[in-house]
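Those letters in the sequence shown? Residues 24 to 726, by the working numbering.
Below is one structure; the comments refer to it alone.
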Amino acid sequence: MTSAADGESRGVKRLILGEKLPSHKLEDQLLPKHLALPIFASDPLSSVAYAPQELLLILLLGGTAFLSFAPWVAAVVVLLLTVVVLSYRQLIKAYPSGGGDYEVAQKNLGERPALVVASALLVDYILTVSVSVASGVDNVISALPQLAGIRVEMALAIVVVLAAVNLRGVRESSKAFALPTYVFIASVALMVVVALARTLLGQPPVAESARYTVHADQVTQVGMVLLVLRAFASGCSALTGVEAIANGVPAFRRPKVRNAQKTLTAMGFIAICLFVGLLAVALIAGVHYAEEPCSLIGWTACASAPQPSLMAQVAGATFGATSPLFYLVQAATALVLLLAANTAFNGFPLLGSVLARDGYAPRALSTRGDRLIFSNGVIVLSLVAGLLLLIYRASVSNLIQLYIIGVFVSFTLGQTGMVRHWIGLLRRKAPDRSNTIRSLVINLVGATMTATVLVIVTITKFTHGAWLVFVIMPILWFLMLGVNRYYRDVEKEIEVDPHTTFGAKGDHAIVLVGRMQKPVLKALDYAIAAKHDSLEAVHVSIDDAATKRLEDEWATMNIAVPLTVVPSPYRDISVPLIKYVKAHRATHGAEVVTIYTPVYVVGHWWEQLLHNHKARRIRQKLMLVHGVTLAIVPWLLDSSQLIYGRRSRPIPGQDRRGEPVRPRMPARRHVRESEGRVAHGGADAAKELHTEPLDQQKDLTPR
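Structural data, given as structure tokens:
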């Protein structure tokens, strides 16, 4: 029977995670297109909330005149997004197993480039969570400025909520995120349409920041080019998350490839429309969003009030700063930015499971939890992303500088791998040559463009904080390579070969005895029940008085199992015990020695600090002794009912008889009686030890 505390703890877990799902229910957790879009595309769709903002922010560093470059920069971003979407359609078709860029690089470029891709994607997924949550909090604060003081606390709380939702399973999280994503798409589309309609009717929206000017320093021609390139690099944040669908193909319903391709196309189309529309309305409304708020000339409250986000300024100019539609846009934007992290919460665990399967990550990442998702990956992602938010104080401007580098590293190597894939098919005389050539051209253009953007992004962002990514990625690369080499060496060491043989002869048992206590008697009873060839109790003496007391109690209780006392002049238990075991094996040859050690099972965490440390250290050292097997005999203390719902049991022999008294129990017959091994229990005990037949032995429950 389980206890109330046990039931309550399970009830809380089930309330948070839901009921366990059997493995055969995995098919039911697969996603239709209308649910896959919000769960995999929320990152690229939500990036339209901050990509135009970052683009205009960088251009404004050169003065308001530089905003005229915005349409041209946006056009290149749209072209790049189109090419990347088309490129990933080819990747999904060729590699639908869910490895994405990592799998492509591994199969076409080799192990080391594949690990570069993996490290880049892992960094990107972590930053996706951090940037999305920070940006979402920014939009919340834009609508409710009084929350500015708890920015970091809000961000960390949101990460915890996202992790909890994802731990409930893929299908559960997609249902939770579907409505906010579609509301965001509809509300932003409505805002863009209304703003453009007002413009055509001669009443264009005007942002509050349009009346602020910016004092700009003189910019040289080289500086102007670098500024435009930096704005382009920031605008390319609109491409983040495009690869997530390629990594998540296994989560789609059948036909997986076709559904994933359609979802990717829909995502690209919606993202382009929202990006272009929002940027156009921001330029029409004259939005001025500065890196340093107090550089906006005319804004007197810059030092005390948070700067409204671009989305908030456009919504306020279009609908009015106090209208319900303004708050709808802000709420939907904040929600979708927060939920954009969900793309990473799906991509990171899936990639982690693939890396674990290939031996480049701890195998715990490939284990599915109660809800059939890779729960360990979800937990790791939430912890690292939360740490970043804490370190950078949930600042979008600081975190965004670390972003995008990893995205374009994986884009470039993935597309390069696809080029080699199609070339290999052509060399093998692919049956559909025309389609293969078309796919080759698409991926070749994609690889060229993403490689160019990678160079631009690296140059323009390196000194602004992106250098940290180039430190973290090599560290991850070496760690993954090291994990793989470790697993490889272990597999080589433990694999079966024709030379290694196992031929142990004999079976000797030792029960460790500290004091005369119930757990010791229980261990003796278990050792008797196991029917070893020979059995003895061993006490390591570190206190002569305590040893003498134990010997007297041993004799008083008529325990016929021989008690061997091993002296320890330096008060250490493990070293004399190990020497004794080695001497025993040296005398008796290839014999298996089973050592029984009692251990307390407790119910409170603090009890772990009070028990079992010495016994644990002894067991760890005994595990290094050749030929030794450890048998741990649990003794449940009363507090263990908190987790197990039952109290300690009586001695098994006493429980079987149902009697309160303990009759005398002679020991098992020693198989090496001819060697004259007389135990410490006295002559009578030794005589009884050598004369009691095996089939007539009774329970080990002394009087």
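Positions of the beta carbon are idealized from the N, C-alpha and C atoms, including for glycine.
Since the structure is predicted, the reported quantities are computational estimates derived from the model, not experimental observations.
At the level of alpha carbons, what is the spacing between residue i and residue j?
i	j	result
P590	G650	23 Å
L333	I446	45 Å
A233	V419	23 Å
L84	E314	8 Å
E514	P521	16 Å
G537	K528	29 Å
G300	I307	11 Å
A267	H634	48 Å
A609	V534	19 Å
V163	S153	15 Å
A364	L170	21 Å
S69	G291	12 Å
K130	L109	21 Å
I427	A474	13 Å
I402	M472	35 Å
P67	L502	29 Å
How is residue i classed by DSSP in three states: helix, strand or coil?
i	result
E518	coil
F397	coil
D530	strand
L653	strand
V310	coil
T263	coil
Y619	strand
T390	coil
L633	coil
T473	helix
T341	helix
I495	helix
I402	helix
L224	coil
P590	strand
L659	strand
L647	coil
T481	helix
V624	strand
W500	helix
I81	helix
L358	helix
V237	strand
E50	Below a pLDDT of 50, predicted positions are generally treated as unreliable, and E50, at 46, falls in that range; no measurement from the model is reported.
I596	coil
I320	strand
F371	helix
Thinking C-alpha only, which one of the options is nearest residue i?
i	options	result
R135	R642, L653, Y593, W500	W500
V272	R642, L60, T459, Q353	L60
P585	S662, S557, S210, Q643	S557
S155	L82, A294, A72	A72
I414	A613, H627, G343, E176	E176
G309	P372, V229, A363, G375	V229
P316	F349, A157, V237, V248	V237
A654	R639, D661, L660	R639
Q226	I465, F342, L185, Q353	F342
L730	L388, T366, L80, I641	Residue 730 lies beyond the stretch modelled for the chain, which goes from 24 to 726, so this question has no answer here.
Y509	V563, L477, P385	P385
S799	D124, F92, P55	Beyond the ends of the chain as shown, which are 24 and 726, falls residue 799; an answer cannot be given.
G619	K279, T570, A553	One detail in the question is off: residue 619 reads as Tyr in this sequence, not Gly. For Y619, the nearest C-alpha among the options comes from A553.
L660	V622, F368, L632, A209	V622
Which term fits residue i, buried or exposed, when burial requires 16 or more other beta carbons within 10 angstroms of its beta carbon?
i	result
M646	exposed
A324	exposed
L319	buried
G159	buried
L102	exposed
G321	exposed
L223	exposed
F493	exposed
W629	exposed
K452	exposed
S663	buried
M496	buried
A379	buried
Consider the Cβ of residue i: report whether some Cβ of chain C lies at a distance smaller than 8 Å.
i	result
S69	Protein chain content of the structure displayed is limited to a single chain, and chain C is not contained in it.
Handout entry: Continuous alpha helix (DSSP H) assignments of at least 4 residues falling wholly in the segment 535-588
Key = 541-552, 567-579
Handout entry: Entirely enclosed beta strand (DSSP E) segments - the segment 95-154, minimum 3 residues
Key = none
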